[in-house]
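Protein chains in written order, with my numbering: chain Y, 45 to 573; chain F, 3 to 278.
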């Protein structure tokens, strides 16, 4: 399953960054590790820890090795020795800085004198002798290799510092192998231990330059879909930046959001009993967005005395009763002037059926949106509703269902019901668009609420973490500008990974799962805190 | 009679006695911070100390207060901080009501350095009370008791601000009243020196802890909002002094604290394994 092979292994990337501040592109394919054009290729495996030894070894090459070696005049035996010595050299340098790596690499070295005395066995024994100070090998050639490699083996002081020194030592050792008349077939030899790469990068300079495809550049946000027909679509077009996690920067004007009014349905849709009940029950949790009631509440501590309470207190004292110590007006923070933008994810994945209810997710989302918009309308809180779907970064389409000042009536419900699933979810662009609109409105307490199955993806993005990180960034930018965000995750608990993505984007408390309309008040209470 | 209104102090002659700093707080200067701050203080210009969590902003202002022999009144700001928490409020006692100066009023009236830690955390309507103190007027109107406090000649306002993606931005109308000093994490050698000095740990283990701390800062913006602060490194070193291994101490003081994200925690954990 290719999707599993492209698993993000975010922890592995972050680990390499922690160790050496490097984030080389990683590919998971094939059976043995290799490095090509700066990309580390690792055998496919689900558990990232299985890659750790190979990834650390390969990255150590990227950090400590020269870009390539001069192989001129070197036979296969000398080349194998250069590779071995260079492997041991970068590992020794890495372990000097990160001693714990020894525990990662040493267990792979299991060669002993019993392994054999042919050239490949001797290579493995020498490799072990160079990484494991506790290993004693009786073979004089292995002992010579160790003497050439270290100035002081116990202190781990290296004698080989430059490619020339490595080459000289390899030539000396290779000469001895020649004297011993040992055979070596470079074609069939496999790098050992298995975590070490096959050194094709070392001699890469000798090969004719290949037709370099886009391999060197990780495919993140492609330019492939420059769909010009989208530009002709009616509606307003806005450009928004997008966060590229690999360069840790915003790409300016990267996405194009096209906002069009949603197609109006022929007849207004009536609201059924379930929707009416849900709307009514939302009044309580959404009350906090309304202008606070002016009722005076008392507190023991506060800013301003409440004169009536002071009189009560004096009276109580005169009557020798226990006085009520709450004589201050309680500071009620005005949460007024709220404005809410409801974003309905209408991507193709929203057409998926929800096992629990049998309805499709888009229908569940539109009904929840209708209930929230209806309740907010009754409470007098401005609320806009829009559906969104994308088709590459140049075509993030937003269908305006309801403007801030329009009524949440049958026509709105009809427009909601007319939203059709299709396209992808470029969440960050939609969030930025809604945030900008809220800020233009000037409400000091703006909220963007997303109704989605919570899996950002798009046709021109192949890195599964890219859009997640972009959306996370959009959420943070919104927060910095005073707009809060939350997500109602629709659908059952069928995919725990998606839940993880949503939590990563909106934070632990910024997402709540919504399985049925009846649970909407509780879910909103969780989100609004 | 403004003076008679502050009666809560145990030292009627010196209302700021509790805020004076007797012993020199250790601060390792990186560049010419002392000169810069002294110049700002000489003209009584308000100062913003900018920098990441736990890099020494608070310690620096403590040290400067000690150096300049001024009391230091510190307020940790938070979202629910009210104007009254800064300027003061009326209290009720046996016979009636009594005005109690808040920390800002206390500092302005009697001549202290007032340090508002993480000012942006406070709401905008609270923040504006500092405005008349931070321009040439140097005064603080106390509307609830109908008094205008003219700042003491020694008074200075210092605020700290941590411009990280997780915090709010400071408004330009507030920001532009201040001089700013930028703080960062010190160089590795200096940081090891600070860790050694604060914890008593030897140089080798202190350097190991600092090296791991610096690694965590590489994930800033790529999984972590902020890497390990100098304060965290000192905590780890203190735990080593308490008998823990370096690895266990870093686990306790850094790895488990820095992130709740599974991937990031795992990467940190594995990097810790590789480091010691």
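We put the beta carbon where it would ideally sit given N, CA and C, even for glycine.
Query                                                                                                                             : Result
Whether residue 276 of chain F touches residue 63 of chain Y by CB criterion (9 Å)                                                : yes
Beta-bridge partners of residue 52 of chain F, as assigned by DSSP                                                                : F:163, F:184
Beta-bridge partners of residue 280 of chain Y, as assigned by DSSP                                                               : Y:303
Pairwise C-alpha distance: residue 211 of chain F and residue 74 of chain Y                                                       : 38 Å
Near-chain F residues of the segment 317-335 of chain Y - C-beta to any C-beta below 9 Å                                          : none
Bridge-paired residues (DSSP) for residue 431 of chain Y                                                                          : Y:388, Y:443
Three-state secondary structure assigned by DSSP to residue 182 of chain Y                                                        : coil
Inter-residue CB distance, residue 492 of chain Y and residue 385 of chain Y (contact presumed, cutoff 8 Å)                       : 5 Å
C-beta atoms of residue 521 of chain Y and residue 479 of chain Y nearer than 9 Å                                                 : yes
Residue 147 of chain F (DSSP reduced to helix, strand or coil)                                                                    : helix
Chain F contact residues for residue 533 of chain Y, given Cβ-Cβ distances below 8 Å                                              : Per Cβ cutoff of 8 Å: no residues; residue 533 of chain Y is ~18 Å from chain F at best.
Against chain Y: residues of the segment 84-101 of chain F by CB proximity under 8 Å                                              : 84, 85, 86, 91, 92, 94, 99
Minimum Cβ-Cβ distance from residue 59 of chain Y to chain F less than 9 Å                                                        : yes
Residue-level contact to chain F via CB, residue 511 of chain Y, 9 Å cutoff                                                       : no
Rounded C-alpha distance that separates residue 417 of chain Y from residue 506 of chain Y                                        : 35 Å
Distance, residue 74 of chain F Cα to residue 436 of chain Y Cα                                                                   : 57 Å
Ranges of the alpha helix (DSSP H) found wholly within the segment 90-167 of chain Y, counting only runs of at least 4            : 96-108, 120-141, 145-149
Per-residue DSSP class, three states only, for residue 425 of chain Y                                                             : coil
Within 9 Å, strictly: CB atoms of residue 383 of chain Y and residue 425 of chain Y                                               : yes
Three-way DSSP call (helix, strand, coil) for residue 117 of chain F in this model                                                : strand
Residues of the segment 216-227 of chain F whose Cβ lies closer than 8 Å to any Cβ of chain Y, in chain order                     : 217, 218, 220, 221, 223, 224, 225
Span separating the alpha-carbon of residue 247 of chain F from that of residue 235 of chain F                                    : 14 Å
Nearest to residue 51 of chain F (by Cα), restricted to the options F:162, F:148, F:34                                            : F:162
Interfacial residues, the segment 339-362 of chain Y to chain F, with Cβ spacing under 8 Å                                        : 346, 347, 348, 349, 354, 357
Interface residues of chain Y facing residue 270 of chain F [CB-CB closer than 7 Å]                                               : 62
Buried or exposed (CB count within 10 angstroms, at least 16 for buried), residue 499 of chain Y                                  : buried
Cα-Cα separation, residue 68 of chain F to residue 25 of chain F                                                                  : 8 Å
Nearest residue (CA-CA) to residue 131 of chain Y, options Y:172, Y:92, Y:366, Y:410                                              : Y:172
Spatial neighbours of residue 434 of chain Y in its chain, beta-carbon cut-off 6 Å, leaving aside the 5 residues before and after : 440, 467, 468, 470, 502
Residue 279 of chain F at chain Y interface by Cβ criterion, 9 Å                                                                  : Missing from the structure shown is residue 279 of chain F; chain F here goes from 3 to 278 and no further.
Cα-Cα separation between residue 270 of chain F and residue 509 of chain Y, rounded to whole angstroms                            : 19 Å
Alpha carbon of residue 526 of chain Y to alpha carbon of residue 175 of chain F, nearest angstrom                                : 17 Å
9 Å Cβ cutoff met for residue 430 of chain Y and residue 555 of chain Y                                                           : no
Counterpart residues of residue 496 of chain Y in DSSP-defined beta bridges                                                       : Y:533
The segment 88-97 of chain Y contacting the segment 187-203 of chain Y, beta-carbon criterion three pairs below 8 Å               : no
Proximity to residue 290 of chain Y [Cα-Cα], best of Y:97, Y:57, Y:350                                                            : Y:57
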